[in-house]
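My numbering puts the first residue of the sequence shown at 1139, with every later residue one more than the last. What follows is a single structure, written as structure tokens, with notes after it.
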Amino acid sequence: MAELTNLESKLGEVIGLAMAAQAATDKISKMVEVDQLSMVLKRMHGEAAKAEERATEIAGSLEGKKTAILDEARETKGKGSKMMRTYLDDSSDALDGFEFLTMAEAGEVGHWKVLRQMAAAGKDTEMVALAEWQIPIQERHFQDVQAGCLALAMEEDPEEPAS
């Protein structure tokens, strides 16, 4: 197995987070009854798939590193999936799902910014460009899930017993 640099490892992590985001949006879309929120999740899913695709293309251009980077991605996806299973159980509702996505999207924003910083320090213009393309998308995802949380919270009766 090829040894990865910190930058290559971070690339694997953002690929894995994009994979996990697709699984999360699929799961949470089944909890949502509001069409507008369903559309947000569908768009986020497609954008996560595109991020995975573009980042994987860069991984493929790194001589002898693609397999190791994708192994890192699968490991990161597994960690994200475990967090989701822990946070979202059978009694979870759409608000729980959007609260989980708020945490996940904040993490993605942070990872993409770290990738950009590391790539800039390493003068890897291709990865800098990838991160600069993805960061505004991730920031929008974070804003969208926060707005979704607040919209769903407004539907909750604060005096009703918790389920």
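Ideal Cβ positions, reconstructed from N, Cα and C, are used throughout, including at glycine.
Starting from the C-beta of residue i, find all residues in its chain whose C-beta is less than 8 Å away, skip the five residues before and the five after it, and write them out in chain order.
i     : result
T1240 : F1280, V1283, Q1284, C1287
K1165 : M1222, L1226, G1235
A1140 : G1202, K1203, T1205, A1206
K1148 : H1249, V1252, L1253, M1256
Does residue i come out as helix, strand or coil in the three-state DSSP assignment?
i     : result
E1293 : coil
A1140 : coil
M1169 : coil
From residue i to residue j, what does the alpha carbon distance come to, in whole angstroms?
i     : j     : result
A1159 : S1229 : 21 Å
P1296 : D1231 : 15 Å
R1223 : M1177 : 23 Å
L1142 : E1191 : 20 Å
G1150 : E1293 : 38 Å
G1245 : R1181 : 19 Å
E1270 : R1254 : 7 Å
D1173 : A1289 : 13 Å
E1146 : E1210 : 9 Å
V1152 : E1298 : 39 Å
Whose C-beta lies closer than 6 Å to the C-beta of residue i among residues of the same chain, with five residues either side of it excluded?
i     : result
Q1272 : A1189, W1250
M1265 : A1257
A1300 : none
K1204 : A1197, G1198
Apart from the five residues on each side of it in sequence, which residues of its chain come closer than 7 Å, Cβ to Cβ, to residue i?
i     : result
D1234 : L1226
E1185 : I1275
L1268 : R1192, A1193, I1196
S1219 : A1158, A1161
E1237 : C1287
N1144 : M1256
K1215 : G1154, M1157, A1158
| message | What ranges does the alpha helix (DSSP H) occupy inside the segment 1229-1301, keeping only unbroken runs of at least 4 residues that lie completely in it? | response | Counting only runs of 4 or more, we get 1232-1259, 1263-1292.
| message | Just to confirm the assignment: which complete alpha helix (DSSP H) runs, minimum length 4, are found wholly within the segment 1177-1234? | response | Listed in chain order, they are 1204-1225.
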